[in-house]
Amino acid sequence: MTADTIGVGLVSVGWMGRLHSRAYRALPDHFPELGVQPRLVVAADPVEAARDQALERLGYERAVADWREVLADPEVDVVSICSPNFLHREVAVAAAEADKPFWIEKPMGRYASDSRQIHEAVQRAGVITSVGFNYRHAPAIQRARELVRSGRLGRITNVRGALLADYSSDPAAPLTWRFERDRAGSGVLGDLLSHGLDLAQYVVGRIASVTALAETFIETRPRPGRGIVDRTAAATGEHGPVENEDYAALLFRFEDGAVGTMDSSRVMRGPHAEYALEVYGTKGSVRWDFQRLNELDVFLDGQEVAGYTTHLVAPGDGEFARFQPGAGTAMGYDDLKTIEAAQFLASVRRGEQLAPSVADGLAAASIVEAAEASLADGRWHDVARVDGPLTYRAATPVL
1241 MTADTIGVGL VSVGWMGRLH SRAYRALPDH FPELGVQPRL VVAADPVEAA
1291 RDQALERLGY ERAVADWREV LADPEVDVVS ICSPNFLHRE VAVAAAEADK
1341 PFWIEKPMGR YASDSRQIHE AVQRAGVITS VGFNYRHAPA IQRARELVRS
1391 GRLGRITNVR GALLADYSSD PAAPLTWRFE RDRAGSGVLG DLLSHGLDLA
1441 QYVVGRIASV TALAETFIET RPRPGRGIVD RTAAATGEHG PVENEDYAAL
1491 LFRFEDGAVG TMDSSRVMRG PHAEYALEVY GTKGSVRWDF QRLNELDVFL
1541 DGQEVAGYTT HLVAPGDGEF ARFQPGAGTA MGYDDLKTIE AAQFLASVRR
1591 GEQLAPSVAD GLAAASIVEA AEASLADGRW HDVARVDGPL TYRAATPVL
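Shown next, in the form of structure tokens:
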């Protein structure tokens, strides 16, 4: 790493790996004052076609089959971990032990035990990390957080969240690793609700206890054929069991006494990516839905007209001004990952944890762990506390 250049290594060249790569490349344009020029050094993927794509499309200098070569490369300063869930713990622990700051996608581990091992390795090594909680970075969420934290909504009474999708709604879709308990861990609890739970804590505060229910609606799926397996891969006629949940619903209590509900599904017919957060207080409320990324519904006591006003995000809301000149011109999903990349590399440059940390990842995993305990016995469970740099509690970083 020179004063200008940071060498990047990538583990897994799937959709998210490609997105991380584009985010790194966009940094000099959107965050020039960071003085960072990411250099895409090496990408690892066991699939030859993916390695070819890393070289020809993404611009990596080298491509290898074994992720260990990425961590051993002295020209790699930071690592993006975009592999399937069942590899996260092994790769992340090895990255920390190799003294490589890393940006890891969520869920950070298959289970809270995986996430704890990652967190402990990071604490021992003292490396900077980032976890892919990209919805935090939406300018509308930043505005909502300001309204909550400044007291404009009064005392927060209740929160509602929903993460509803249809990506697994076709019962003929193949039985990929995402439906296997040993390789994916939980279903929507980790895959989707970890996002919503992090959002709730980022905007409102710590979730202290939870109770839950869950259901699997599509109980078997056809086994996949050979080759690269994704949601559209061809399947064989033989069926196997789905081992984790299609749907989950949570009731929870915040540390300050507010209450909340949140549910999630991967098999709903209709919603594509309805990821919503609503926060209600004694003086007003806010509502946001990812499908309307650039809008925030706001109601505050004293408004001239009763009911919600739709606030179109604009310069002054989060990092919006880095991407668009004025309200009504939309930001997109990829822009959120560019902000995430900027927070990660700014953290590395300054030696200060600004980006969502592995402690934040463990905090979300600990809520999921308490929810799964509730699924087993039907009771309320306290959420384990997490030590470390919990950035959901901190002020929004200035980049």
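Every number in this note's numbering is 1240 more than the matching position in the sequence shown, counting from 1.
We treat Cβ as the ideally placed atom computed from N, Cα and C, and that holds for glycine.
Reference residue i; option with closest CA among the options
i, options, result
"R1418", "A1440, M1508 and S1323", "S1323"
"E1361", "G1591, G1394, V1538 and V1331", "Correcting the residue identity first, residue 1361 is Ala in this sequence and not Glu. Of G1591, G1394, V1538 and V1331, the residue nearest in Cα terms is V1331."
"A1217", "A1605, L1536, W1620 and I1458", "Residue 1217 lies beyond the residue range present for the chain, which begins at 1241 and ends at 1639; the question has no answer from this structure."
"V1482", "E1580, V1526 and P1464", "P1464"
"Q1583", "S1252, R1265, F1457 and F1271", "F1271"
"I1458", "G1430, Y1442, R1509 and A1498", "R1509"
"I1246", "A1334, R1506 and S1320", "S1320"
"G1628", "G1601, E1315 and R1329", "G1601"
"A1498", "A1289, V1399 and L1250", "V1399"
"R1364", "A1384, K1340 and L1403", "K1340"
"S1426", "Y1632, V1638 and S1606", "S1606"
Three-state secondary structure assigned by DSSP to residue i
i, result
"F1539", "strand"
"N1398", "strand"
"I1202", "Residue 1202 cannot be examined here, being either before or after the span of the chain that is shown, 1241 to 1639."
"E1288", "helix"
"V1253", "coil"
"S1261", "helix"
"P1272", "helix"
"G1480", "strand"
"W1417", "helix"
"S1449", "strand"
"V1469", "Residue confidence is low: V1469 scores 49 on pLDDT, short of 50, so the model does not pin down where it sits. Its coordinate-derived value is still stated next. Looking at V1469 - three-state DSSP - the assignment turns out to be coil, as it is neither helix nor strand."
"Y1548", "coil"
"W1343", "strand"
Unbroken alpha helix (DSSP H) run spanning residue i, endpoints
i, result
"T1578", "Y1573 to R1590"
"E1518", "Taken as a continuous stretch (DSSP letters only), E1518 belongs to no alpha helix (DSSP H), being part of the beta strand (DSSP E) at A1513 to G1521."
Burial state of residue i (16 or more Cβ within 10 Å)
i, result
"W1255", "exposed"
"Y1515", "buried"
"E1345", "buried"
"D1553", "Residue 1553 is actually Val in this sequence, not Asp. Label assigned to V1553: buried."
"G1591", "exposed"
"P1565", "exposed"
"A1610", "buried"
"Q1382", "buried"
"Y1487", "buried"
Nearest-angstrom beta carbon gap, residue j and residue i [assumed within contact, 8 Å]
i, j, result
"G1299", "L1280", "5 Å"
"L1630", "A1586", "Actually they do not touch by this definition, with Cβ atoms about 18 Å apart."
"H1512", "A1616", "In fact, because the Cβ distance is near 32 Å, the residues do not count as touching under 8 Å."
"A1284", "L1250", "7 Å"
"G1436", "G1521", "19 Å between Cβ atoms; not a contact."
Range covered by the beta strand (DSSP E) that runs through residue i
i, result
"G1500", "V1499 to S1505"
"I1321", "V1318 to I1321"
"Y1487", "Y1487 to F1494"
"V1304", "R1302 to V1304"
"R1528", "The question names Arg, yet the displayed sequence has Trp at residue 1528. Looking at the DSSP string, the run of the beta strand (DSSP E) that includes W1528 is G1524 to D1529."
Beta carbon proximity, residue i to chain B, threshold 9 Å
i, result
"S1426", "The structure shown contains no chain B, having only a single protein chain."
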